Amino acid sequence: YTAFAARRLGIKDTDIALARVVKRSIDARQRQVKVNLTLEVFVDREPLPAPVHFDYPNVEGRTEVVIVGSGPAGLFAALRLIELGLRPVILERGRDVSSRKRDIALINRNERIDPDSNYAFGEGGAGTFSDGKLFTRSKKRGDYNKALQTLVFHGATPEILYEAHPHIGTDKLPYIIRNIRQTIIDAGGVFCFGRRVTDLILRDGRIRGVCCGDERIEGAAVVLATGHSA
Numbered sequence: 001y002t003a004f005a006a007r008r009l010g011i012k013d014t015d016i017a018l019a020r021v022v023k024r025s026i027d028a029r030q031r032q033v034k035v036n037l038t039l040e041v042f043v044d045r046e047p048l049p050a051p052v053h054f055d056y057p058n059v060e061g062r063t064e065v066v067i068v069g070s071g072p073a074g075l076f077a078a079l080r081l082i083e084l085g086l087r088p089v090i091l092e093r094g095r096d097v098s099s100r101k102r103d104i105a106l107i108n109r110n111e112r113i114d115p116d117s118n119y120a121f122g123e124g125g126a127g128t129f130s131d132g133k134l135f136t137r138s139k140k141r142g143d144y145n146k147a148l149q150t151l152v153f154h155g156a157t158p159e160i161l162y163e164a165h166p167h168i169g170t171d172k173l174p175y176i177i178r179n180i181r182q183t184i185i186d187a188g189g190v191f192c193f194g195r196r197v198t199d200l201i202l203r204d205g206r207i208r209g210v211c212c213g214d215e216r217i218e219g220a221a222v223v224l225a226t227g228h229s230a
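When the letters of the sequence shown are read in order and numbered with UniProt numbering, they come out as residues 1 to 230.
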């Protein structure tokens, strides 16, 4: 992209230290399809490296926070809690992403439907087996770039950092989900699959934990990351 950027800016190729894509989109409104690129160009000096760090502390034995659901919200909540020095305990009604893949294969063969492990429920959430699109770049929703960097760190392709409509793909997403789970476990977090939350534990006007049938699981706080289908 250096030569193109130099022509548009009216400078020499050698003046550009780096030209990189920050956004790419496709305009298919006319017969001739166009690819629109937004470039970031550095003249005479290269950029400083972005301060994105993924060095998660060990939180084993620290204050526990219960997270209900292991979809995107639950997984990213767990990573953030670890950054804050808290131990996430993730409860998921469905199964891990590998077992869930087998359950979905049974559905597709019209053999069996598991009400807790299917296209809607299980590790990774509903989007894991429905194309893996990433829908928003709205800055109103917080630091989305860190979320995308986190996905790249765990195995997504770097193109999602600048695509206008970033897309991970169902073929890659289970691998990324497993990597995120391993990061959480390595830091001291806990995953409990096959735990369907049936009630909240209230004490002194505050939520202190959850019930999974007869089992009581308490923590300093509860994060409800159940998704739209629960």
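Where is the CB? At the ideal position from N, CA and C, for every residue including glycine.
Keep in mind it's a predicted model, so treat the numbers as computed, not measured.
Task: Three-state secondary structure assigned by DSSP to Pro88 - done: strand
Open item on the list: Short of 6 angstroms in beta carbon distance, which residues of its chain neighbour Arg208, apart from the five on each side in sequence? Order them along the chain.
Closed with: Ile201 and Glu218
TODO: Put Ile168 into one of helix, strand or coil per three-state DSSP.
DONE: coil
Task: Where Ala225 falls, given that 16 or more other Cβ within 10 Å makes a residue buried - done: buried
TODO: Output yes or no for whether 7 angstroms exceeds the beta carbon distance between Asp15 and Val41.
DONE: no
- [ ] Run the proximity test for Arg178: is its beta-carbon closer than 6 angstroms to any non-hydrogen atom belonging to the ligand MG?
- [x] Although the ligand MG was asked about, the structure shown includes no ligands whatsoever.
TODO: Taking Val33 as part of the beta strand (DSSP E), name the residues at either end of that continuous run.
DONE: Unbroken run through Val33: none, as it is neither H nor E.
TODO: Return helix, strand or coil for Gly209, following the three-state DSSP convention.
DONE: strand
Open item on the list: Let's test the definition: count the other Cβ atoms within 10 Å of the Cβ of Asn118 and tell me whether it reaches 16, buried, or not, exposed.
Closed with: buried
Task: Proximity of Gly127 and Gly227 at Cβ, strictly below 7 angstroms - done: No, they are not a contact pair.
Open item on the list: Given a cut-off of 7 angstroms on the beta-carbon distance, is the pair Val59 and Thr38 in contact?
Closed with: no
Open item on the list: Is the separation between the beta-carbon of Val66 and that of Val190 shorter than 7 angstroms?
Closed with: no
Open item on the list: Does Glu218 come out as helix, strand or coil in the three-state DSSP assignment?
Closed with: strand
Open item on the list: Between the alpha carbons of Thr63 and Arg80, how many angstroms are there, rounded?
Closed with: 14 angstroms
Open item on the list: Pairs of beta-carbons, one from the stretch 105-114 and one from the stretch 76-92, closer than 8 angstroms: are there three or more?
Closed with: no
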